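Notes follow once the structure below has been shown.
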Amino acid sequence: MTTKTAASTRTGGATPSERTPANTKLYRTKNDLPPATRAQVADLLNQRLADCIDLQTQCKQAHWNLKGPNFIALHKLFDEVNDSVEDYVDLIAERIAQLGGIAEGTARVVAERSALDVYPLVLETSDEHVDALSTALAAFARTARLGIDEMDELEDAVSSDILTEITRGVDQWLWFVEAHQQG
Numbered sequence: 003m004t005t006k007t008a009a010s011t012r013t014g015g016a017t018p019s020e021r022t023p024a025n026t027k028l029y030r031t032k033n034d035l036p037p038a039t040r041a042q043v044a045d046l047l048n049q050r051l052a053d054c055i056d057l058q059t060q061c062k063q064a065h066w067n068l069k070g071p072n073f074i075a076l077h078k079l080f081d082e083v084n085d086s087v088e089d090y091v092d093l094i095a096e097r098i099a100q101l102g103g104i105a106e107g108t109a110r111v112v113a114e115r116s117a118l119d120v121y122p123l124v125l126e127t128s129d130e131h132v133d134a135l136s137t138a139l140a141a142f143a144r145t146a147r148l149g150i151d152e153m154d155e156l157e158d159a160v161s162s163d164i165l166t167e168i169t170r171g172v173d174q175w176l177w178f179v180e181a182h183q184q185g
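Numbers 3 to 185, taken from my numbering, label the letters of the sequence shown in order.
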């Protein structure tokens, strides 16, 4: 009997080194990573891209629907978080393109692939939005950290560095958002 590892659960039943994305189209590039590695990295990054785009929409959902005490401070904070997450989306999508892959970031693909929980549409208080957004930030940081390990296993230091940079930023935003629940 075979047991699934955490990596195999995230990647559809196979660890990154076992997985060969059958339908990952690659454009020609002089990038020196082997084509099979580029295909695996692009596929894994597309999963993180779905998570990141989902996180961005959750930031906006919180930003648009916030009510109650600390409205202005949280409204501005959630917008700043969204702006940073938008930059992270670009970093991931552009890395996929650099590898010769296709960034798959449509709303339908994101809804199908995202590992994040669905953001609740009806929240009553600013505290509930703070809790929901901090939960989403923490979940995204967790998947990005797992992605760092996957990129290291595939020996793509650049993609690993990108996910490290993103995780560093998300951890800081998580700290800022969670601070509104403490004290």
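For each residue, glycine too, the CB sits at the ideal point set by N, CA and C. Just so we're clear, the structure is a prediction, and the values are computed from it rather than from any experiment.
Beta-carbon proximity check, residue i vs residue j, cutoff 8 angstroms
i, j, result
"L156", "V87", "no"
"I104", "K27", "yes"
"D81", "H65", "yes"
"T145", "R50", "yes"
"N33", "Q58", "no"
Identity of the residue in the options nearest residue i by Cα
i, options, result
"K112", "A143, V91 and S128", "At residue 112 the sequence reads Val, which differs from the Lys that was named. Measuring from the Cα of V112, the nearest candidate turns out to be V91."
"I150", "A138, L35 and T169", "T169"
"N67", "Q183, A159 and V132", "V132"
"Y121", "T39, C61, H182 and D45", "C61"
"L118", "S128, A141 and E96", "A141"
"K69", "V124, L101, F178 and A41", "V124"
"H182", "D154, M153, L135 and A159", "L135"
Endpoints, the alpha helix (DSSP H) within which residue i is located
i, result
"R30", "No alpha helix (DSSP H) contains R30, which DSSP labels as neither H nor E."
"H77", "F73 to Q100"
"V111", "A109 to R115"
"I168", "A159 to E180"
"Q63", "P37 to N67"
"I150", "S128 to E155"
With 16 other Cβ atoms within 10 Å as the buried cut-off, status of residue i
i, result
"T108", "exposed"
"G185", "exposed"
"I55", "buried"
"R30", "exposed"
"L139", "buried"
"A75", "exposed"
"T127", "exposed"
"N72", "exposed"
"E96", "exposed"
"E114", "exposed"
Chain C contact for residue i (CB, 8 angstroms cutoff)
i, result
"A117", "Going by chain labels, chain C is absent from the structure shown, which holds only one protein chain."
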